[in-house]
Amino acid sequence: MRISTLAIHLDREVNQKFEFNKETQLLPIMGLESRKQLKDQEDLTNTTLRHHHELLDLIARELDIEKHQIMDIELILKDVQPACIGGINEEFIFSGRLDDQAMCYSILQGFLESFESRKDSEPDSIIRLMALFDHEEVGSVSAHGAESTFLPSVIKRLFNSKLAQKYDNSISFEQTISKSLLISADMVGHAIHPNYSSKHESNHKPKLNQGLVLKINSNQRYATNSPGIVFALKVAKKAHVNLQFFVNSNTMPSGSTIGPLLSASLGIRTVDIGIPQLSMHSIREMAGLL
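In numbering that gives the first Met the number 0, the protein residues as written are 0 to 289.
1. Tell me the rounded alpha-carbon separation between Q80 and R96.
2. Applying the criterion that 16 or more other CB atoms from any shown protein chain within 10 Å of the CB defines a buried residue, is I154 buried or exposed?
3. Tell me whether the beta-carbon of F244 lies closer than 8 Å to the beta-carbon of H203.
4. CB-CB under 7 Å to T175, same chain, minus the five flanking residues each way: which ones, in chain order?
5. So what does Q24 bridge to, in DSSP terms?
6. Would you give the residue range spanned by the beta strand (DSSP E) that K214 belongs to?
7. Quick one: measure Cβ to Cβ for R220 and G254, integer angstroms, because I've assumed they're closer than 8 Å.
8. Between G30 and E53, is the Cβ-Cβ spacing less than 8 Å?
9. Is it right to say G130 is buried, meaning 16 or more other beta carbons lie within 10 angstroms of its own, or is it exposed?
10. Hey, how far is the Cα of S177 from the Cα of G210?
11. For the beta strand (DSSP E) that V246 lies in, which residues bound it at each end?
12. Within the 8 Å Cβ cut-off, does H280 reach chain D?
13. In the DSSP assignment, the beta strand (DSSP E) including R268 goes from what residue to what residue?
14. Run the CB neighbour count on L150, radius 10 Å, all protein chains shown included, and call it buried at 16 or more, exposed below.
15. On a CA-only basis, which of D63, K236, P252 and K233 is nearest I215? Give me that one, please.
16. Just to confirm before moving on: does the CB-CB distance between A286 and L232 stay below 8 Å?
17. By alpha-carbon positions, which one of I228, F114 and L26 ends up nearest to L290?
18. Starting from E284, follow the beta strand (DSSP E) in both directions and report where the run begins and ends.
19. Is L107 helix, strand or coil when you go by DSSP?
20. Assuming A222 and G273 make a contact with CB atoms under 8 Å, what is their CB distance in whole Å?
21. Assuming I182 and V246 are in contact, meaning their beta carbons sit under 8 Å apart, how far apart are those beta carbons, in whole angstroms?
22. Identify every run of the alpha helix (DSSP H) within the stretch 63-150, keeping only runs that are complete inside it and at least 4 residues long; order them along the chain.
23. Here's a check: name, in chain order, each residue in its chain whose Cβ is nearer than 8 Å to the Cβ of L265, leaving out the five neighbours to either side.
24. Can the beta-carbon of I28 be found less than 8 Å from the beta-carbon of R1?
25. I need the DSSP call for I7, collapsed to helix, strand or coil.
26. I7 to R156, Cα distance in whole Å?
27. With a threshold of 16 other CB atoms inside 10 Å of the CB of M102, please say whether the residue is buried or exposed.
28. Could you check what DSSP says for R1 in three-state terms: helix, strand or coil?
This is the structure in C-alpha cells:
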C-alpha cells in the first residue's frame with residue numbers, strides 16, 4: 000500500500016502551504032480493480048463486508064490460515080524503509096518511530112543490566128519496575144494507557160503479594176511510593192536544529208550526541224522538579240553521563256509526556272528525561288547514535 004501525494008503540476012500552492020483532507024486525501028492505494036469478483040454475495044461474512052476481500056486474502060496467506068478464520072483486523076500503515084545509520088562519521092540514526100521506541104529499547108536494556116550487576120548474595124527489597132504504555136500520542140486515556148489505574152493497581156498487587164511478605168511488611172504502600180522515584184523516559188524531540196535555532200530558548204539548546212536531556216516546564220507539562228534535578232545530576236555523575244536541559248521558549252507552547260499523569264495518579268516524585276532528536280513525528284526521525 001502507498002499513500003501518493005498529488006503532483007505539484009496539479010497543485011501549484013503546495014510549496015507555500017502543504018494541506019490535505021484527512022478524510023479523502025490520505026487513503027492508501029492497494030491496487031487497481033479487483034481481478035476476481037465474488038459471485039455469491041450471501042457468502043460474505045461481516046468481516047469481508049467491511050474489508051476488501053483481496054486484502055483479507057493477503058493476510059490469510061501471510062498467516063497461513065483460511066480467510067473465514069479472520070474475525071477482524073487492525074490495520075496500521077508504516078514506512079517499510081528500514082532504519083539506517085548515517086552522517087559523515089556515521090553518528091546519526093534515521094528511522095521511523097524513534098519517539099518513543101528508542102527510549103523503550105534503552106529502558107529495557109538498563110532494566111536487564113540492573114539485575115546482572117547485582118550480586119546474588121546481596122539482599123534486595125527494591126522493586127524494579129518498567130512500564131511501557133500504549134496510546135501516549137493520542138491522550139493516554141484508555142484501559143492500558145498512562146492515565147488509567149493500571150500502574151497503581153499493579154504496584155499494589157506486587158506490594159500485597161506473597162513475595163513481598165518476605166520483606167518488611169510494616170511499611171505501607173503509601174510510604175513505599177514516597178520513597179520511590181519514577182523516570183518518565185520519552186524522546187525529548189527537540190534538539191537544536193541548525194536551520195531553526197531561534198525556536199529554542201537561548202540558554203537551553205540540547206544537542207545530538209551530547210547526553211540525555213532533563214525536561215522542565217513551570218506549567219507542569221513536564222514533571223521534573225528541583226529535588227528531581229539534583230537526584231538526576233548525582234546519578235548522571237556516578238554513571239559518567241552528561242546531562243543537558245530543555246526549557247521551552249516563552250513564545251512557544253510546550254508539549255507534554257506521561258510523566259505528569261503518573262506523578263499525579265501515584266503521588267510519586269518524577270523526572271522527565273530523554274534522548275534529543277530532530278524531526279519528531281516525521282515518518283523518518285533522526286537521533287544521535289553515540
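Glycine included, each C-beta is placed from N, C-alpha and C at the ideal position.
Answer, in terms of the structure:
1. Here residue 80 corresponds to residue number 81 of the sequence shown, with the count starting at 1. Here residue 96 corresponds to residue number 97 of the sequence shown, with the count starting at 1. Between Q80 and R96, the C-alpha separation is close to 12 Å.
2. In the sequence shown, the residue the question calls residue 154 occupies position 155. I154 should be labelled buried.
3. Residue numbering aside, residue 244 sits at position 245 when the sequence shown is read from its first letter. Residue numbering aside, residue 203 sits at position 204 when the sequence shown is read from its first letter. In contact: F244 and H203 (Cβ atoms closer than 8 Å).
4. Taking the first residue of the sequence shown as position 1, residue 175 is located at position 176. Excluding sequence neighbours, T175 sits near F158.
5. Counting from 1 along the sequence shown, the entry for residue 24 is found at position 25. None, per the DSSP bridge assignment.
6. In the sequence shown, the residue the question calls residue 214 occupies position 215. K214 -> beta strand (DSSP E) spans L211 to I215.
7. Here the question's residue 220 lines up with position 221 in the sequence shown. Here the question's residue 254 lines up with position 255 in the sequence shown. About 7 Å separates the two Cβ atoms, so the contact holds.
8. Taking the first residue of the sequence shown as 1, we reach residue 30 at position 31. Taking the first residue of the sequence shown as 1, we reach residue 53 at position 54. Yes. Within cutoff.
9. Your numbering for residue 130 matches position 131 in the sequence shown. At residue 130 the sequence reads Ala, which differs from the Gly that was named. By the Cβ-count criterion, A130 is exposed, with fewer than 16 other Cβ atoms from all chains shown falling within 10 Å of its own Cβ.
10. As a position in the sequence shown, residue 177 is number 178, starting the count at 1. As a position in the sequence shown, residue 210 is number 211, starting the count at 1. The alpha-carbon atoms of S177 and G210 are separated by roughly 29 Å.
11. Counting from one through the sequence shown, the residue named residue 246 turns up at place 247. Per DSSP, V246 belongs to the beta strand (DSSP E) from L242 to V246.
12. The chain inventory of the structure shown lacks chain D, comprising one protein chain alone.
13. If you number the sequence shown from 1, residue 268 lands on position 269. For R268, the uninterrupted beta strand (DSSP E) segment begins and ends at R268 to G273.
14. Translated into the one-based positions of the sequence shown, residue 150 becomes position 151. It counts as buried.
15. On the sequence shown, position 216 is the one that residue 215 refers to. Nearest C-alpha to I215: P252.
16. Position 287 of the sequence shown, counted from the first residue, corresponds to residue 286. Position 233 of the sequence shown, counted from the first residue, corresponds to residue 232. Their beta carbons are not under 8 Å apart, which means A286 does not touch L232 by this criterion.
17. As displayed, the chain neither begins before 0 nor continues past 289, which places residue 290 out of reach and without an answer.
18. The sequence position of residue 284 within the sequence shown is 285, counting from 1. In the DSSP annotation of this structure, the continuous segment of the beta strand (DSSP E) that includes E284 starts and ends at E284 to G287.
19. Reading the sequence shown from its first residue, position 108 is the one you call residue 107. Annotated three-state conformation of L107 is helix, per DSSP.
20. Looking up residue 222 in the sequence shown gives position 223. Looking up residue 273 in the sequence shown gives position 274. Under the criterion of beta carbons closer than 8 Å, A222 and G273 do not qualify as touching, at roughly 12 Å.
21. In the sequence shown, counting from the first residue as 1, residue 182 sits at position 183. In the sequence shown, counting from the first residue as 1, residue 246 sits at position 247. About 19 Å; that fails the 8 Å criterion.
22. With a minimum length of 4 residues, the continuous alpha helix (DSSP H) runs that stay inside the stretch 63-150 are 97-115.
23. Looking up residue 265 in the sequence shown gives position 266. Short of 8 Å from the beta carbon of L265, and not among the five residues preceding or following it, lie these beta carbons of its own chain, in chain order: L150, P151, I154, I176 and L181.
24. By 1-based counting over the sequence shown, the position of residue 28 is 29. By 1-based counting over the sequence shown, the position of residue 1 is 2. Contact flag set, yes.
25. Walking along the sequence shown from the start, residue 7 turns up at place 8. DSSP places I7 in helix when its eight states are reduced to three.
26. Taking the sequence shown and counting its residues from 1, one reaches residue 7 at position 8. Taking the sequence shown and counting its residues from 1, one reaches residue 156 at position 157. For I7 and R156, the distance between alpha carbons rounds to 58 Å.
27. Position 103 of the sequence shown, counted from the first residue, corresponds to residue 102. Buried, by the Cβ-count rule.
28. Here residue 1 corresponds to residue number 2 of the sequence shown, with the count starting at 1. DSSP places R1 in strand when its eight states are reduced to three.
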